[in-house]
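The structure appears right after this line, and notes come after that.
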Amino acid sequence: FMAEESKTANLEEEEEEETEVINIRLQNVVCSLSLETRLDLDKIAQSVRNAEYNPKKFQALIMRIREPKTTALIFSSGKMIVTGAKLLTDSVNAAKKICCNNKSCWFLRSKVHSKQL
């Protein structure tokens, strides 16, 4: 009889655990894209004030923008990673802003497309 009570108690505990609600909050959206062209990171770093580039320390150019508050890692291969956004739309908008503001000195052919998750 004791074993049956123990099994019943365990089943009730499992049911309670299953009904708990887990709150999920998005903290960081990461967007990666290809600019489909090779980049001269030295030239970009000299022409853009919100960028830092130290190839001895890290092979990517680091660019920060205020709105939306994000950071982009830009590699000479043309690959770019945008991180720090709270929403997918903010991540895509940051990538577009980085491309458009600097179109004259680098990614002439770049286009940013949003993809739904």
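Read in order, the letters of the sequence shown are residues 28 to 144 in this note's numbering. Yeah, the Cβ is synthetic: ideal placement off N, Cα and C, and Gly gets one too.
Q.
For isoleucine 101, tell me which candidate among Thr116, Ser59 and Val48 has the shortest Cα-Cα distance.
A. Ser59
Q: Identify whether alanine 87 lies in helix, strand or coil by the three-state DSSP scheme.
A: coil
Q. Once you ignore the five residues that flank valine 56 on each side, which residues in its own chain have a CB closer than 6 Å to its CB?
A. Ala112, Leu115 and Ser118
Q.
For lysine 106, list the residues DSSP reports as bridge partners.
A. Ser61
(Q) So, at 8 Å on beta carbons, what are the nonlocal neighbours of glutamine 54 in its own chain, with the 5 sequence-adjacent residues on each side left out? (A) Only Lys113 meet the Cβ criterion.
Q: Locate the alpha helix (DSSP H) running through isoleucine 101, then write down its first and last residues.
A: Looking at the DSSP string, isoleucine 101 is not in any alpha helix (DSSP H); the run it does join, the beta strand (DSSP E), is 97-101.
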